[in-house]
Every structure is written in C-alpha cells, then in structure tokens.
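From first to last, the protein sequence lines stand for chains S and H.
According to UniProt numbering, the residues represented by the first sequence are 1 to 193, in order.
According to UniProt numbering, the residues represented by the second sequence are 1 to 139, in order.
One structure below.
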Amino acid sequence: MRWLGLSLALLALLGVAYLFLPKGHSFYGTRLMQPKPVDFALQGPGDPVRLADFQDKVVLLFFGYVHCPDVCPTTLLALKRAYEKLSPKEQERVQVVFVSVDPERDPPEVADRYAKAFHPRFLGLSGSPEAIREVAQGFGVYYQKTQYRGPGEYLVDHTATTFVVQGGKLVLLFSPDKVEATDKVVADLRALL
Amino acid sequence: MRRWMALPFLLGLALAQEVRLVEGWVRYPASLAVTAAYLTLENPGERPLRLLGAEAAWAERVELHGTFHQEKDGKMVMGMRPVDFAEVPPKGRLVLKPGGYHLMLFNLKRPLKLGEKVELVLKFQNGTQLKVLLPVEAR
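Here's what the structure looks like:
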C-alpha cells in the first residue's frame, strides 16, 4: 500500500513536470543545426539592398530566373499562398525575396517586376554576374545555363530550395516539394515569428 | 459495289484514335517571356499515342519539356529539357503537371487575362491534331 501511494505521487510529479516542459514546434522544413551567418548586397528596383536591411524580419529567399515556366512559378505561387495565410501583422515581419540567377536577362527592374507579379510585397533582386555568383555560392546555390541557342535563348538549371533567414542567419530550408505544403510552411513561419 | 465505298472511310475512323482532353490549364504568366500549359490526356485506343508538341497563335513558339531533379556536387538541382515526345498509353492517361512534363510557351504575343480561355492545337505523331481551350489560372 505504501508503494502504491509512492508510485502515484511519483506519477503526479512527472505529470506536473511534463506541463512545465517547453513545447517545441517540430519543424517541417529542414532546420540547420548550426545557423549559418549570411549577408549580401544586391541591386533592387531602386537602391541597393542588403540582406541585413531585413534584420528584424524572417526572409524567405528563392533563387530562380524570369524565363522559368515550371519550377520557379510553382515555388513563388506556393510562397504567395503561405504569405497570404499570414495575418497583416505577421506579414509585416516576413519578406519574400526573389534573386535572379540569370542577371544577363533579368536586370533588377525585371526581377522585381516578376516577383511583384506574384505578390506586390515580394521583392526581386539582381546584380552583376559576379555579384550573383558570390551570393549563390554563399547559399550553396548551383546554377548553370543549358540548351544554349543564343544570348537570349537558353534554359538555366538551378537549385530550387527556399532559404529562410532570420537575424542574419540561415535557419531553415524548404525543398521545392515541401514548400508546396502551405499550412505546414505557415506553421513553421509562425514558430519563428 | 456501292456498299464497299464506305469501307475506307470506316477503316479510317477505326484507325484514328480519339484522344481526349480530361482537364488542363495555362499558368497565368508573371512575364510575357514564358509560361506553361499543363493538361491530362486520355487515350481510349488500343495503341500508344505520342504527343509531340503544340501550336498557339498567342505565343511565338511552343516546346514540350520535362522537368528533372538531379544531384550535382551534393546539391539538388532542378532543370528542364525539351523532349521529343510524351506517350499517352493505350487505355491510359498522360499527365502534364508542375514538376513533370509541360508545354513551354515562349514570347507571348499578348498579356493573358486571369480566367480567360486560350486555344492550343496539340500535335501527335500519327498526324492527329487536337484543338483544346484551356483556362488561364494562377496555380
């Protein structure tokens, strides 16, 4: 009988302890065990844009190109869906950024107009081929022209991951497949906000 | 004699496999540079049918493309390549969808409106041409 009482007391104690455990959000995207510091300066539609300008926001970064009919619009439409699920207050703390890996065909205005065709609050960036190369390398983004038919006619193979940056650090990744699960992406963003 | 005159015609009908559009859409383009058409085709016939491509009066050029994933230097890379054909299996379906096959439309001659229906003429290896009307959708 004494043992039963003790066991019950122990169980109750465990139950109370459980209540005080931090309830961690289980991330759907790929969390980086060691968030990587990232920054860059590229050209926006007007002024140069630094990633650090969005220090107080969660930045969703996608590298693509305007002449991309399948993969890029699929991801940007998914990001638009996720963004539109957020409340206006949450939206203020999230910035979607499209970076062109085709600077020859996509000057900053073209990249920005393209991003804004998905959502007026999205931002499109470009820059010199060297600047783009450096930024892409920083994020481990691969891109390569293929099927070259002329200066304006080619395709670009590229990494289609969505990178999530917070406080100057790369913290989360969404593969092109994962980014389409809008509710799960929204839940991840809310856990970061 | 007269009753045999209809024979070649009937034979022709039997050979022509009636390929059918199940559904499809054209992606609302974010720029006039390119867009894609996605669709599902059904082949009720006994033999495979090869989709070669399409023509559209509102685009300069149309190509049939396939999207692929590939690992390069340990990184997942996506891209697309023109393909010669895509097969609609006998008594089966061919699905062109994001991340798979698509009809890539180059240099649009005019902006498309959300919700409008645009015409494409699908071309098959056996000479069949199928006119389809697809809605322009942001999906």
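We put the beta carbon where it would ideally sit given N, CA and C, even for glycine.
It should be emphasised that the depicted structure is a prediction, and the values quoted were computed from it without experimental measurement.
inquiry  = Residues of the region 141-166 of chain S in Cβ contact with chain H at a cutoff of 9 Å, in chain order, please.
reply    = Val-141, Tyr-142, Tyr-143, Gln-144, Thr-146, Gln-147, Glu-153, Leu-155, Val-156, Asp-157, His-158, Thr-159, Ala-160 and Thr-161
task = Name the two residues that bound the continuous beta strand (DSSP E) containing Gln-166 of chain S.
result = Here residue 166 of chain S refers to the residue found at position 166 when the first sequence is read from its first residue. Looking at the DSSP string, the run of the beta strand (DSSP E) that includes Gln-166 of chain S is 162-166.
key: Three or more C-beta pairs below 8 Å linking the region 47-63 of chain H and the region 100-107 of chain H   = yes
key: Span of the alpha helix (DSSP H), counted from its first residue to its last, around Pro-88 of chain S   = Reading the first sequence from its first residue, position 88 is the one you call residue 88 of chain S. Its alpha helix (DSSP H) spans residues 88-91.
query = Which residues in the same chain have their Cβ closer than 8 Å to the Cβ of Ala-76 of chain H, if we skip the five residues on either side of it in sequence?
reply = Within the second sequence, the letter at position 76 stands for residue 76 of chain H. Here the sequence assigns Met to residue 76 of chain H, which means Ala is not the residue at that position. For Met-76 of chain H, where only same-chain residues beyond five positions count, the Cβ hits under 8 Å are His-69 and Gln-70.
ask   = Looking at the structure shown, is Gly-127 of chain S part of a helix, part of a strand, or coil, going by DSSP?
value = Here the question's residue 127 of chain S lines up with position 127 in the first sequence. Three-state DSSP puts Gly-127 of chain S in coil, outside helix and strand.
key: Contact set for Glu-58 of chain S: own chain, Cβ-Cβ below 7 Å, skip 5 residues either direction   = Taking the first residue of the first sequence as 1, we reach residue 58 of chain S at position 58. Going by the sequence as given, residue 58 of chain S is Val instead of Glu. For Val-58 of chain S, where only same-chain residues beyond five positions count, the Cβ hits under 7 Å are Arg-93, Val-94, Val-164, Gln-166, Leu-189, Leu-192 and Leu-193.
task = Taking the CB atoms as reference points, tell me whether Arg-110 of chain H and Trp-58 of chain H lie closer together than 8 Å.
result = The residue given as residue 110 of chain H occupies position 110 in the second sequence. The residue given as residue 58 of chain H occupies position 58 in the second sequence. Yes.
ask   = Which of the three DSSP states, helix, strand or coil, is assigned to Leu-11 of chain H?
value = The count along the second sequence starts at 1 and reaches residue 11 of chain H at position 11. Per-residue confidence for Leu-11 of chain H stands at a pLDDT of 49, beneath the threshold of 50, marking its modelled position as unreliable; the derived number appears in the next sentence. If DSSP states are grouped into helix, strand and coil, Leu-11 of chain H belongs with the helices.
message = By the 7 Å beta-carbon criterion, what residues does the region 28-41 of chain H contribute toward chain S?
response = Ala-30, Ser-31, Ala-33, Val-34, Thr-35 and Ala-36
query = Just to confirm, does Gln-166 of chain S get its C-beta within under 7 Å of one of the non-hydrogen atoms of the ligand SAH?
reply = In the structure on display, the ligand SAH does not appear, and there are no ligands present to speak of.
inquiry  = Please state whether the Cβ-Cβ distance between Val-156 of chain S and Asp-102 of chain S is less than 8 Å.
reply    = Start at 1 with the first residue of the first sequence, and residue 156 of chain S comes out as number 156. Start at 1 with the first residue of the first sequence, and residue 102 of chain S comes out as number 102. Yes; because the gap between Cβ atoms is below 8 Å, this pair is in contact.
query = Using the C-alpha atoms, what's the distance from Pro-29 of chain H back to Val-132 of chain H?
reply = Within the second sequence, residue 132 of chain H is the residue found at index 132, counting from 1. Within the second sequence, residue 29 of chain H is the residue found at index 29, counting from 1. Rounded to whole angstroms, Val-132 of chain H to Pro-29 of chain H spans 19 Å at the Cα level.
key: Sequence-distant residues of its chain with Cβ nearer than 6 Å to Phe-27 of chain S (five each side left out)   = Start at 1 with the first residue of the first sequence, and residue 27 of chain S comes out as number 27. Asp-188, listed in sequence order.
request  = Under 8 Å Cβ to Cβ from Thr-182 of chain S, same chain only, skipping five residues before and after it: list those, please.
outcome  = Position 182 of the first sequence, counted from the start, is the residue given in the question as residue 182 of chain S. Ala-78, Arg-81, Ala-82 and Lys-85, listed in sequence order.
inquiry  = Please report whether the beta-carbon of Thr-74 of chain S lies at a distance below 8 Å from any beta-carbon of chain H.
reply    = Sequence index remark: in the first sequence, residue 74 of chain S carries index 74 (1-based). At least one chain H Cβ lies under 8 Å of Thr-74 of chain S.
key: Integer-rounded CB distance, given that Leu-51 of chain S should sit under 8 Å from Phe-40 of chain S   = Residue 40 of chain S sits at position 40 when you count from the first residue of the first sequence. Residue 51 of chain S sits at position 51 when you count from the first residue of the first sequence. Indeed they touch by this definition, with Cβ atoms about 5 Å apart.
inquiry  = On the DSSP letters alone, give me the boundaries of the alpha helix (DSSP H) that Leu-84 of chain S sits inside.
reply    = If you number the first sequence from 1, residue 84 of chain S lands on position 84. According to the sequence as given, residue 84 of chain S is Glu; it is not Leu. Unbroken alpha helix (DSSP H) run through Glu-84 of chain S: 71-85.
query = For a contact meaning CB atoms closer than 8 Å, what does Asp-70 of chain S contact in chain H?
reply = Against the first sequence, residue 70 of chain S aligns to sequence position 70. Residues of chain H passing the Cβ test: Ala-36, His-65, Thr-67, Met-80, Pro-98, Gly-99, His-102 and Met-104.
ask   = For Ala-12 of chain S, which three-state DSSP category applies?
value = What you label residue 12 of chain S is simply residue 12 of the first sequence in a count that begins at 1. The answer is helix: DSSP assigns Ala-12 of chain S an H, G or I state.
task = Check the Cβ-Cβ distances between Ser-26 of chain S and every residue of chain H, and say whether any is below 8 Å.
result = By one-based count along the first sequence, residue 26 of chain S stands at place 26. Answer no: the Cβ-Cβ gap between Ser-26 of chain S and chain H never drops below 8 Å.
inquiry  = Going by beta-carbon coordinates alone, are Asn-126 of chain H and Gly-92 of chain H separated by less than 8 Å?
reply    = For the purposes of this step, residue 126 of chain H is identified with residue 126 of the second sequence, where counting begins at 1. For the purposes of this step, residue 92 of chain H is identified with residue 92 of the second sequence, where counting begins at 1. Their beta carbons are not under 8 Å apart, which means Asn-126 of chain H does not touch Gly-92 of chain H by this criterion.
key: Phe-139 of chain S and Phe-98 of chain S closer than 8 Å at C-beta   = In the first sequence, residue 139 of chain S corresponds to position 139, counting from 1. In the first sequence, residue 98 of chain S corresponds to position 98, counting from 1. Their beta carbons are not under 8 Å apart, which means Phe-139 of chain S does not touch Phe-98 of chain S by this criterion.
request  = Taking only beta carbons into account, state which residues of the region 115-127 of chain S come closer than 7 Å to chain H, listed in chain order.
outcome  = Ala-117 and Phe-118
ask   = Which first and last residues belong to the alpha helix (DSSP H) in which Val-110 of chain S is found?
value = Sequence index remark: in the first sequence, residue 110 of chain S carries index 110 (1-based). Start and end: 108-118.
request  = Quick one: grab the DSSP three-state call for Asp-188 of chain S.
outcome  = Taking the first residue of the first sequence as 1, we reach residue 188 of chain S at position 188. DSSP places Asp-188 of chain S in helix when its eight states are reduced to three.
inquiry  = Can you check whether the C-beta of Val-66 of chain S is within less than 8 Å of a C-beta belonging to chain H?
reply    = Taking the first residue of the first sequence as 1, we reach residue 66 of chain S at position 66. With 8 Å as the cut-off, Val-66 of chain S counts as an interface residue toward chain H.
query = Going by beta carbon distance, what residues of the same chain come within less than 8 Å of Val-83 of chain H, once the five residues before and after it are set aside?
reply = The count along the second sequence starts at 1 and reaches residue 83 of chain H at position 83. Taken in chain order, the residues that qualify are Leu-64, His-65, Gly-66 and Tyr-101.
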